[in-house]
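Heads up, the thing below is written out as structure tokens.
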Amino acid sequence: MKQTPTVTPPNPVAVTLQLIPILAALICLGYYILDWQEKFAKLEQRQAATTAARQQLEEAQKSTVAAEARLPEARAQLAQALEAHRDDLEDIEAAPDFRESAKAAGLKVEEFEHKNDLYALEVRGQPTTVWNWLV
789 MKQTPTVTPP NPVAVTLQLI PILAALICLG YYILDWQEKF AKLEQRQAAT TAARQQLEEA
849 QKSTVAAEAR LPEARAQLAQ ALEAHRDDLE DIEAAPDFRE SAKAAGLKVE EFEHKNDLYA
909 LEVRGQPTTV WNWLV
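For reference, each letter of the sequence shown is one residue, going 789 to 923 in the numbering used here.
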């Protein structure tokens, strides 16, 4: 008669103790993967922000180039406006002082202070207001 070997069932405590390091390693691996996922998400956000900033810089450079291209025309317009202003000033300076002319004509000229620096001129009994830049 042959004896069949008896198989003893594994000890559940021993099996559990053998699985603990494996489970701990899996948990650590999971945390490691989550940490790297967060790092990659932050990296992608930074790259997106950098790309957006680069596009804004390129647009600003394009608008700057366009503004620089319009600069000579704007300078020419400004020079024309200044020349016209000079001509107006020369005309005003060359014009006789209306107050002196009015006094010489025998009209009553009355000066007063006003927030807009107006002059009052009475012509044949009717008051007339004249802006001081006409003077």
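Cβ coordinates follow ideal geometry from the N, Cα and C atoms, glycine included. Computed from a predicted model, the values in this text were never measured in an experiment.
Here's a check: name, in chain order, each residue in its chain whose Cβ is nearer than 6 Å to the Cβ of residue i, leaving out the five neighbours to either side.
i    : result
E871 : none
W919 : Below a pLDDT of 50, predicted positions are generally treated as unreliable, and W919, at 46, falls in that range; the measurement from the model is reported next regardless. Cβ neighbours of W919 beyond the five flanking positions: none.
Tell me whether residue i is buried or exposed, calling it buried when 16 or more other Cβ atoms sit within 10 Å of its Cβ.
i    : result
H902 : Because the pLDDT of H902 is 48, which lies under 50, any placement of that residue in the model is unreliable, and the question is left without a value.
To which residues of the same chain is residue i closer than 8 Å at the C-beta, ignoring the five residues directly before and after it?
i    : result
T847 : Note that residue 847 corresponds to Glu in the displayed sequence, not to Thr. Hits under 8 Å: none found.
E826 : none
Apart from the five residues just before and just after residue i, which ones in its own chain have a Cβ nearer than 7 Å to its Cβ?
i    : result
Q806 : none
R858 : none
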